[in-house]
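Each protein sequence line maps, in turn, to chains A, B and C.
So the first sequence is numbered by numbering that gives the first Met the number 0: it starts at 0 and just counts up by one.
So the second sequence is numbered by numbering that gives the first Met the number 0: it starts at 0 and just counts up by one.
So the third sequence is numbered by numbering that gives the first Met the number 0: it starts at 0 and just counts up by one.
We treat Cβ as the ideally placed atom computed from N, Cα and C, and that holds for glycine.
Remember, it's a predicted structure, so these values are computed and weren't measured experimentally.
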Amino acid sequence: MSAPNASGWKPGTLVSGGAGETLTSTGNRALMLEEPLIFEIGSTETTGVDFSPLPFRGGDGGGACSEIGDIPHPNPSPEGEGLANRLGGFARDAEFGLPGLSEPEAVRHYTRLSRQNYAIDLGLFPLGSCTMKHNPRLNEKVARMPGFADVHPLQPVDTVRGALEVINELAFWLIDLTGMHGVAMTPKAGAHGELCGILCIRAALEARGDAREVILVPESAHGTNPATAAFAGYRVEDIPATAEGRVDLEALEARLGPDVAAVMITNPNTCGLFERDMKAISDAVHAAGGFVYCDGANFNAIVGKVRPGDLGIDAMHINLHKTFSTPHGGGGPGSGPVVLSEALSPYGPLPYTARTKDGVVHLIEEESAEAFSNEHFGGKLASFGRMSAFHGQMGMFTRALTYILSHGADGLRQVAEDAVLNANYILRSLDDVLDAPFGASGPCMHEALFSDKGFAEGFSTLDLAKALIDEGFHPMTMYFPLVVHGAMLVEPTETESKQGLDQFIAALRTVAERARNGDETLKTAPHHAPRRRLDETLAARKPILAYEGSGAPPGKPQLSEQGGS
Amino acid sequence: MRYLPLTPDDRSAMLATIGAADIDALFADVPAEARLTGPIAGLPLHQSEMAVERHMRALSKKNLSAADAAFFCGAGAYRHHIPASVDHIIQRGEFLTAYTPYQPEIAQGTLQMLFEFQSQVARLYGCAVANASMYDGSTACWEAIAMAGRITRRKRAVVSGGLHPHYVETSKTMAKFMGDEIADALPTLSGTPDNAALVARIDHQTSCVVVQYPDILGRIPDLAEIAEAAHAKGALLIAVNTEPVALGAIESPGELGADIVVGEGQALGVGLQFGGPYLGLFAVRDPRHVRQMPGRLCGETVDADGKRGFVLTLSTREQHIRREKATSNICTNSGLCALAFSVHLTLLGEKGLRRLAAENHRLACLAADRLAEVPGVRVLNDIFFNEFTVLLGQDAREAVRTLTDKKVLAGVSLGRLYPAHGALHEGLVVAVTETTSENDIETLASALEEVLA
Amino acid sequence: MPRYFTDEHEWIDVEGDTATVGITDYAQGQLGDIVFVELPRVGSEVARGKDAAVVESVKAASDVYAPITGEVTEANGALEDDPALVNSSPEDQGWFFKLTIANKSELDGLMDAAAYKSFCDSL
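Next up, the structure:
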């Protein structure tokens with residue numbers, strides 16, 4: 000029995016004397032079905048995959064392979080000639096303890112699990128900064144076309160021209176929508192894109208013999224910004240903010256100097272505000288010899304309305320799952336192309352694609368990088384290197400391009416306008432019951448920021464968020480940005496109808512009133528979710544990170560033996 | 000616009016509630032001179048679903064998909080049959096359109112799946128703990144090197160010549176900026192990897208030894224011997240696996256003494272997809288190293304009613320809390336790919352995985368034997384799983400290109416992987432899986448006979 | 000045995016040339032449930048005001064600074080098994096590490112119990 004589960008109850012355990020008003024013998028509640036772990040229902044002898052009986056070549060053993068699971072003799076001719084296998088002495092005998100399920104059991108297992116998740120397909124998902132918008136199914140269909148889904152990254156380039164054209168066509172859109180010079184397509188997620196941008200900056204500075212030491216980051220930034228800067232070998236210093244929630248230009252200018260490599264600014268920022276002084280900030284940074292990195296997490300608010308390139312940005316990653324609707328998938332995969340200014344473009348990572356005047360899209364890898372640079376770029380390209388195997392998140396490129404083509408230049412602009420309209424509608428419909436710390440700073444962009452000011456003593460943002468779960472909504476982003484106490488960051492996105500917003504506003508008004516009035520039932524919310532509040536302290540003090548029940552291979556140290564590791 | 004529910008009337012009513020004259024009033028903070036006044040010139044306007052599908056299908060058709068060829072490409076990405084139910088499950092909206100499970104009360108589906116995934120990976124790798132996945136194998140490889148540096152407080156990683164060159168390059172890029180040293184080597188064209196040469200490079204400054212298993216040429220190195228040598232010098236052994244199906248046939252790296260096991264999980268459930276998104280796997284043998292691990296971790300706990308449940312845990316290692324002191328700047332895993340991997344492995348189970356591995360090996364042996372009969376071809380490997388290297392006596396890149404005209408994707412040439420090293424250019428890495436038919440093998444062999452004649 | 004306090008909410012007990020360091024009851028109350036403590040290696044040098052340990056709750060990681068300069072002679076292994084000791088017994092069983100006192104004059108600027116109490120009351 001796993002240590003933290005003192006009661007011992009787990010899905011699949013019958014409760015004797017259940018079936019009362021609230022208890023059932025199974026723990027199920029009608030459509031809400033409990034589900035055990037695969038390790039508790041599967042067995043190593045069960046499989047949901049059939050293999051056709053295959054004849055051996057030659058030999059007399061024809062028909063099915065001998066023992067299923069054995070390494071069959073590739074050449075099972077009479078002894079003396081046959082080689083047992085070509086695995087050397089490394090063939091495996093021992094069990095892994097990997098459970099299998101038949102197909103119906105597996106489909107049911109995962110379907111039951113899926114129903115314990117909230118999802119955009121179910122309702123409004125107002126996670127600020129995360130941009131949970133509708134994921135069109137056309138995107139899924141296109142990504143599964145055999146010419147995209149079933150091609151190998153190292154096929155000869157003549158057999159993958161269409162794939163290269165997808166990458167190049169998406170790159171063309173990203174460059175045009177941002178007003179930038181180039182784009183690095185290979186980063187695998189937003190944070191990876193951030194790293195790519197900062198490495199471009201480092202490479203550009205090193206190329207002029209002046210790597211510099213410091214990157215300035217506002218306190219309100221996503222945690223990835225300082226993590227990325229530190230990862231690239233820079234020291235991180237804060238940029239102060241003004242009382243209205245924007246970068247303090249004067250303070251920034253005062254700090255700029257020959258040691259500052261770059262500033263990292265999120266625009267629109269994490270307080271949901273557009274940085275009005277962005278161009279002046281860029282000019283000041285450039286005058287001091289530094290570069291401007293823009294965290295593009297919030298590009299969805301301004302796509303088609305303003306181009307970062309016109310504001311002096313040198314590098315910006317674009318989370319394709321935010322602005323261009325590739326699915327979040329319960330935590331990835333992401334994709335984080337980075338658009339680059341003319342000054343940074345030569346330093347982008349390998350591989351990349353380029354369309355020459357004859358219309359052919361080329362794939363430039365290590366093999367051809369130098370020759371291609373010499374032929375087409377006067378030898379000026381100086382890539383900082385490779386960031387991952389292969390060519391980036393192709394499966395996300397097809398989805399994002401499909402979405403972009405569906406919307407077109409006009410539709411994308413409407414996306415930004417509706418996202419901003421929806422956020423402002425929420426901000427102004429709730430600022431009488433929820434404190435809006437920057438409500439007086441002008442319109443918000445795509446997200447509305449509130450705080451816990453005015454809640455009854457002892458009531459927190461967490462309590463309100465958990466009560467929203469009972470109302471059928473996913474909570475908003477909590478406690479971010481860090482600069483606002485008890486922050487609640489609400490991003491409705493353009494996906495929501497007015498009717499849907501009105502229902503959400505009504506629900507949020509109710510729970511806000513309850514928090515102001517000190518309704519004790521908030522403290523124990525959610526009451527109607529598949530689980531009540533979970534004990535995160537217990538999980539962290541005695542981590543159980545893998546199933547340790549029966550079937551674990553013997554002789555391996557178990558976490559429980561390690562104490563508080 | 001089919002994806003936008005607001006009507007013009009809705010918009011007017013909402014602007015009235017806000018107290019804004021028009022939509023532009025909400026963009027007042029954008030400097031007027033930078034504000035775009037209409038759709039960006041030169042970009043197409045919105046299109047119907049049918050029109051977009053037609054455009055994308057046309058692009059798709061410009062590619063030669065694996066199903067339409069005799070297909071032998073591997074070298075870090077493998078084509079396996081994916082059961083139909085895998086794709087069905089990952090397209091359920093509750094998985095596809097969910098966010099990272101930060102609200103565990105309404106994300107138990109994703110969380111339990113991740114816990115099962117971590118447990119499956121740990122068992123497959125012979126380790127105690129696996130994380131909830133990384134971007135891909137190459138980035139996981141670098142993260143393992145960085146982790147070994149944190150544990151040993153040393154900066155020099157000794158990399159075997161058998162490590163995928165993209166993984167080497169990725170690690171070198173990162174190491175360059177982090178001040179680490181990647182001591183790499185080229186593969187030697189020999190039937191078994193040269194362990195003695197690798198072991199000789201390990202010293203007391205070595206943080207880790209990085210060994211691919213099976214390696215880029217398909218050979219199977221003796222991990223136990225390397226583990227012993229590494230540990231004797233206080234270094235860790237990082238094993239890298241790019242073909243998880245192989246572990247259904249050969250011993251797991253953890254059991255052989257690897258301290259950190261990382262790899263590419265694409266081969267199970269994910270599909271080729273021209274290189275991404277893929278699935279980085281990451282596991283450690285000693286649970287005491289968990290706090291130095293990068294990436295998300297899911298752990299078991301209970302809820303307020305005492306019911307078992309799962310949460311993301313030990314998140315203080317991560318960027319959103321530690322900021323510049325985080326173990327990595329990574330803030331996502333490869334969730335949906337992890338689901339696909341986990342579903343596929345659950346459908347297989349131990350029995351199915353062994354059977355699948357056996358079938359791969361059987362066909363690979365057939366292919367190696369048949370190719371060995373082609374005049375001018377020499378099979379390099381003494382031992383292999385489902386991938387091996389043949390030497391063609393001429394630059395394999397040319398042969399590979401010529402064979403595409405016959406709808407044969409013959410494999411990955413070493414010239415593609417090691418363009419600067421002419422001595423390797425006659426090498427061709429050939430991968431054979433259960434999707435390869437005996438006809439395909441014959442097609443490849445006879446096509447090669449023509450090309451090399 | 001005199002006990003001193005710092006404005007970073009650490010306590011130190013001085014006994015001859017060695018000192019024992021922990022965090023105060025006030026500090027553990029602010030941090031909430033402690034889930035992990037990362038302690039300095041025995042034999043490592045710590046410098047006054049620089050990072051010496053990390054104390055983690057579920058959602059936060061806080062650096063613990065060395066109140067004085069010295070060499071770490073012992074770390075509290077009990078915290079590895081039971082980090083909750085920092086919550087239940089912060090100023091006794093939940094001690095963090097012991098170190099040699101390199102420079103006794105560094106103790107001069109620290110608070111005594113009464114001064115620390117009024118410091119906390121003022122927060």
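Whole-angstrom distance between residue j and residue i, CA atom to CA atom
i: A/R532; j: B/A106; result: 12 Å
i: A/S281; j: A/V291; result: 6 Å
i: B/G375; j: B/L413; result: 17 Å
i: A/F449; j: B/N130; result: 34 Å
i: A/L137; j: A/D149; result: 18 Å
i: B/P276; j: B/A430; result: 21 Å
i: A/L558; j: B/T312; result: Legend: pLDDT at A/L558 = 37, less than 50; position of this residue unreliable, no value from coordinates given.
i: B/L278; j: A/E369; result: 31 Å
i: C/A74; j: C/A18; result: 12 Å
i: C/A52; j: B/G253; result: 31 Å
i: B/N332; j: B/V260; result: 17 Å
i: C/I100; j: C/E44; result: 11 Å
i: B/E180; j: B/S170; result: 9 Å
Residues of its chain near residue i, where Cβ-Cβ distance is below 8 Å and the 5 sequence neighbours each way are ignored
i: B/D21; result: L14
i: A/L467; result: H473, P474, M475, A506, L507 and V510
i: B/S70; result: The question names Ser, but residue 70 of chain B in the sequence shown is Phe. Hits under 8 Å: R78, L408, T434, T435 and D439.
i: A/G79; result: Unreliable positioning characterises A/G79 in this predicted model, as indicated by a pLDDT of 31, which lies under 50. The coordinate reading is nonetheless provided below. None.
Close-in-space but distant-in-sequence residues of the same chain around residue i (CB under 7 Å, 5 per side omitted)
i: A/G41; result: P98, G99 and L100
i: C/D24; result: P89 and E90
i: A/I67; result: Since pLDDT at A/I67 reaches only 36, below the 50 mark, its modelled position is unreliable, and no value is offered.
i: B/L355; result: V244, G247, L347 and E433
i: C/L84; result: A77, L78, Q92 and G93
i: A/D309; result: G178
i: B/H360; result: A248, F384 and N385
i: A/A105; result: G47
i: A/E102; result: G47
i: A/S387; result: T185 and K187
Residue j beta carbon less than 8 Å from that of residue i
i: A/D462; j: A/H527; result: no
i: A/G127; j: A/L500; result: no
i: B/A127; j: B/V283; result: yes
i: C/E70; j: C/G42; result: yes
i: B/A121; j: B/T109; result: no
i: B/K60; j: A/G146; result: yes
Proximal residues to residue i (C-beta, below 6 Å), its chain only, five neighbours per side dropped
i: B/L416; result: P164
i: A/A511; result: V432 and L433
i: A/M315; result: C293, G295, P307 and V338
Burial state of residue i, where buried means 16 or more other Cβ atoms lie within 10 Å
i: A/V359; result: exposed
i: A/E495; result: buried
i: A/F298; result: buried
i: A/A439; result: exposed
i: A/N224; result: buried
i: A/F95; result: buried
i: B/N240; result: buried
i: A/R412; result: buried
beta-carbon residue i near the ligand GDP non-hydrogen atom, thresh 7 Å
i: A/G407; result: This structure lacks the ligand GDP, and indeed carries no ligand of any kind.
Within 9 Å of chain B by C-beta, residues of the stretch 59-71 of chain C in sequence order: A59, A60 and D62
Got a sec: which bits of the stretch 300-312 of chain A sit with their beta carbon under 8 Å from any beta carbon on chain B, in order along the chain? I301, G303, K304, V305, R306, D309 and L310
Could you please tell me which residues of the stretch 535-546 of chain A, in chain order, have their CB closer than 7 Å to any CB of chain C? E535, T536, A539 and R540
Contacting positions in the stretch 127-153 of chain A - beta carbon closer than 9 Å to chain B: C129, M131, K132, H133, N134, P135, R136, L137, E139, K140, V141, A142, R143, M144, P145, G146, F147, A148, D149, V150, H151, P152 and L153
What residues in the stretch 47-66 of chain B have a beta carbon less than 7 Å from any beta carbon of chain A? E48, V51, E52, H54, M55, R56, L58, S59, K60, K61, N62, L63, S64, A65 and A66
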